[in-house]
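In this note's numbering, the protein residues as written are 3 to 295.
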């Protein structure tokens, strides 16, 4: 493995962990066994896990830089903490519930270094069975997207009149991802960016502690005049939502709604926020009257 201790190494891989010890173990093993041709460091921020994650990292992966928080600081702040101590010219965001294939990070770093108009690069996210996780490649949300995806009324209308296809364009179902694609916003499951760009626009906005922080980040990349590309020949396996799945459904729904309001207020202004408010207010009323859950 090519690991150096001086500043301006090729790549810093940032991982924020909360109670995913088994996944994190596999993720780190895959990184250290697969990344060969570039200098890199791995920084893990542990958000006060109770499953022995931090102890495992210290014992099994002593070359990893470990930051231990006394509380769950969230995904956004955790990544910002890791970035603050990183040394790489390129920053790689990576979820702990992933397995990295050989050459994946090398290909993304090389592509970023040879395409000046590209601000961030991602790869194909695969299910354990090898199928594509299309749900993590999305266009930027609109008011209609929010209606069909996050309101019960919208979901029912989609099923009844659109046969579940109302969001097909949002999820790029017209693309095969068999070659490099330009998309609005891949999930931050695996995303590589130049340090120089982060110095201009910042990394994560901590007003989005869990959800919609990656949407906001990608929006700021595009606003700065850069594109985001997904490479067809670079892959990870992603087990998907291991941390989020532990949250109660009602709590997760409320976190999503707060993120939606913040995103539309920041990037689209009052009128669209008002439409979002009406969507959720009407949906809540209908759900209560007809006892829909």
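Glycine included, each C-beta is placed from N, C-alpha and C at the ideal position.
Who pairs with residue 19 in a beta bridge, going by DSSP? Taking the chain shown and counting its residues from 1, the one referred to as residue 19 is at position 17. DSSP lists 48 as partners of residue 19.
For residue 135 and residue 129, which I take to be in contact (beta-carbon distance under 8 angstroms), what is that distance rounded to the nearest angstrom? Position 133 of the chain shown, counted from the start, is the residue given in the question as residue 135. Position 127 of the chain shown, counted from the start, is the residue given in the question as residue 129. Contact flag correct, Cβ pair sits at about 6 angstroms.
Residue range of the alpha helix (DSSP H) that residue 219 falls in? Taking the chain shown and counting its residues from 1, the one referred to as residue 219 is at position 217. Counted as a single uninterrupted DSSP element, the alpha helix (DSSP H) harbouring residue 219 occupies residues 215-225.
In DSSP terms, what residue 120 is bridged to: Against the chain shown, residue 120 aligns to sequence position 118. In DSSP, residue 120 forms a bridge with 229.
Rounded separation between residue 254 and residue 237 - CA only: Position 252 of the chain shown, counting from 1, holds the residue named residue 254. Position 235 of the chain shown, counting from 1, holds the residue named residue 237. Between residue 254 and residue 237, the C-alpha separation is close to 28 angstroms.
Could you tell me if residue 22 is buried or exposed, where buried requires 16 or more neighbouring beta carbons within 10 angstroms of its beta carbon? Residue 22 sits at position 20 when you count from the first residue of the chain shown. Of the residues assessed, residue 22 falls on the buried side of the cut-off, its CB having 16 or more other CB atoms within 10 angstroms.
Where does residue 40 sit, in a helix, a strand or coil, going by DSSP? Taking the chain shown and counting its residues from 1, one reaches residue 40 at position 38. Three-state result, residue 40: coil.
Give the straight-line distance between the Cα atoms of residue 275 and residue 40, rounded to the nearest whole angstrom. Position 273 of the chain shown, counted from the first residue, corresponds to residue 275. Position 38 of the chain shown, counted from the first residue, corresponds to residue 40. C-alpha separation (whole angstroms): 45 angstroms.
Beta-carbon proximity list for residue 85, same chain, < 8 angstroms, skipping 5 on both sides: Walking along the chain shown from the start, residue 85 turns up at place 83. Closer than 8 angstroms at the Cβ level, and outside the excluded window around residue 85, lie 14, 16, 93, 200, 205.
Please state the DSSP three-state secondary structure of residue 314. Outside the shown range of the chain (3 to 295) lies residue 314, about which nothing can therefore be said.
If residue 96 and residue 288 are in contact, beta carbons under 8 angstroms, what's the gap, nearest whole angstrom? Numbered from its first residue, the chain shown carries residue 96 at position 94. Numbered from its first residue, the chain shown carries residue 288 at position 286. In fact, because the Cβ distance is near 40 angstroms, the residues do not count as touching under 8 angstroms.
Straight-line Cα distance separating residue 32 from residue 63: Residue numbering aside, residue 63 sits at position 61 when the chain shown is read from its first letter. Residue numbering aside, residue 32 sits at position 30 when the chain shown is read from its first letter. Taking the straight line joining both Cα atoms gives about 12 angstroms.
What residue does the alpha helix (DSSP H) around residue 80 start on, and which one ends it? Stepping through the chain shown from its first residue, residue 80 is reached at position 78. Where residue 80 is concerned, the enclosing alpha helix (DSSP H) stretches over 76-86.
Spatial neighbours of residue 262 within its chain, please: C-beta separation below 8 angstroms, excluding the five flanking residues on both sides. Here residue 262 refers to the residue found at position 260 when the chain shown is read from its first residue. Scanning its chain for C-beta atoms nearer than 8 angstroms, with the 5 sequence neighbours on each side dropped, one finds around residue 262 the residues 143, 148, 152, 214, 278, in chain order.
Buried or exposed for residue 265, going by 16 or more other Cβ atoms inside 10 Å? Position 263 of the chain shown, counted from the first residue, corresponds to residue 265. The residue is buried, with at least 16 neighbouring Cβ atoms inside 10 Å.
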